[in-house]
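Presented below is the structure to which this report refers.
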Amino acid sequence: MSTDRVVLVTGGNRGIGRAIAERFVAQGYKVAVTSRSDEGPAGTLTVRADVTDAAAVDAAFAEVENALGPIEILVANAGITKDTLLLRMTEDDFDSVVATNLGGTFRVVKRASKGMLRARWGRVILISSVVGLYGSAGQVNYAASKSALVGFARSLTRELGGRGITANVVAPGFIETDMTAELPADTQAEYKKNIPAGRFATADEVAGVVTWMASDDAAYISGAVIPVDGGLGMGH
Ligand code: NDP
Numbered sequence: 560m561s562t563d564r565v566v567l568v569t570g571g572n573r574g575i576g577r578a579i580a581e582r583f584v585a586q587g588y589k590v591a592v593t594s595r596s597d598e599g600p601a602g603t604l605t606v607r608a609d610v611t612d613a614a615a616v617d618a619a620f621a622e623v624e625n626a627l628g629p630i631e632i633l634v635a636n637a638g639i640t641k642d643t644l645l646l647r648m649t650e651d652d653f654d655s656v657v658a659t660n661l662g663g664t665f666r667v668v669k670r671a672s673k674g675m676l677r678a679r680w681g682r683v684i685l686i687s688s689v690v691g692l693y694g695s696a697g698q699v700n701y702a703a704s705k706s707a708l709v710g711f712a713r714s715l716t717r718e719l720g721g722r723g724i725t726a727n728v729v730a731p732g733f734i735e736t737d738m739t740a741e742l743p744a745d746t747q748a749e750y751k752k753n754i755p756a757g758r759f760a761t762a763d764e765v766a767g768v769v770t771w772m773a774s775d776d777a778a779y780i781s782g783a784v785i786p787v788d789g790g791l792g793m794g795h
């Protein structure tokens, strides 16, 4: 099994992205992460990029390609929330979440696809969320941006599936990171009641699924939505 491929994880400086980058490093891959601020984990190359900025994405990719070679595995992980009920949601709350979660995915996948097409090999893994299909009050912007990734990955599969490139969605449930730490304690307790597993997951539990999706064992899986949610989204 080949584990010396080049990987780029967006938003790999903290949370789920950082755990994914650490797993790839541990398995021997050549790993780069994008960050807007601090550094990625040990053993990674950190490049600066805001995924809402196409020129910054292009420059970051060029830096990784020069240092490590063409990107063969892309994990589009960078994402934000701006939660509020629909009637209170501003244009900026909506646009910034869509521009980051969906637009950012578009920018990085488009840029990565060039090298993947040339190599006739690639893995595109999009980090969505259980709420993309389950829905979530107060997250119209976020849920819409995350469910859109399913249509994105499936369209990409139809476009590039014949060129050795797979595109899949990983849909985490509630994972212990800065994003969920912001939730009030009573909201966290309410969520836990509805999760069959009865607990939140660690970021590493998502990372293990992502590295598997990138492996040779997952070569015939494309356009799939893989939940990592303790059963929360069953049937959706
Ligand atoms: P964190 O808030 O811990 O980290 C978010 C990461 O995304 C950071 O690295 C951040 O960079 C980066 N990022 C945000 N906006 C941009 C941008 N415009 N350009 C570049 N990087 C950006 O989030 P999580 O680790 O919890 O979430 C990671 C992904 O997993 C997200 O897509 C999220 O929606 C998804 N997810 C998370 C769940 C959870 O329970 N935590 C559940 C389901 C899905 P910086 O440090 O510079 O801000």
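For the sequence shown, my numbering begins at 560 and goes up steadily by one. Glycine residues also receive a C-beta, built at the ideal position from the N, C-alpha and C atoms.
First through last residue of the alpha helix (DSSP H) which encompasses residue i
| i | result |
| --- | --- |
| residue 679 | Counting along the chain, residue 679 falls outside any alpha helix (DSSP H), and DSSP gives it neither H nor E. |
| residue 625 | 613-627 |
| residue 567 | Looking at the DSSP string, residue 567 is not in any alpha helix (DSSP H); the run it does join, the beta strand (DSSP E), is 565-568. |
| residue 575 | 574-585 |
| residue 690 | 690-693 |
| residue 747 | 744-753 |
First and last residue of the uninterrupted beta strand (DSSP E) at residue i
| i | result |
| --- | --- |
| residue 633 | 632-635 |
| residue 589 | 589-594 |
| residue 729 | 724-731 |
Residues bridged to residue i [DSSP beta-bridge criterion]
| i | result |
| --- | --- |
| residue 600 | In the DSSP output, where bridge partners are listed per residue, residue 600 has none listed. |
| residue 717 | Partner(s): none; residue 717 has no beta bridge. |
| residue 786 | 730 |
| residue 607 | 594 |
For residue j and residue i, believed in contact at Cβ under 8 Å, the rounded distance
| i | j | result |
| --- | --- | --- |
| residue 567 | residue 633 | 5 Å |
| residue 623 | residue 591 | 4 Å |
| residue 792 | residue 692 | 6 Å |
| residue 768 | residue 575 | Between residue 575 and residue 768 the Cβ distance is about 11 Å, and since that is not below 8 Å, they are no contact. |
Assigned exposure category for residue i - 16 Cβ within 10 Å defines buried
| i | result |
| --- | --- |
| residue 773 | buried |
| residue 743 | exposed |
| residue 755 | exposed |
| residue 810 | Absent from the structure is residue 810, since the part of the chain shown begins at 560 and ends at 795. |
| residue 706 | buried |
| residue 589 | buried |
Inter-residue spacing [alpha-carbon to alpha-carbon] between residue i and residue j
| i | j | result |
| --- | --- | --- |
| residue 747 | residue 734 | 11 Å |
| residue 618 | residue 593 | 11 Å |
| residue 816 | residue 717 | Residue 816 cannot be examined here, being either before or after the span of the chain that is shown, 560 to 795. |
| residue 732 | residue 662 | 22 Å |
| residue 683 | residue 726 | 5 Å |
| residue 608 | residue 614 | 9 Å |
| residue 596 | residue 563 | 27 Å |
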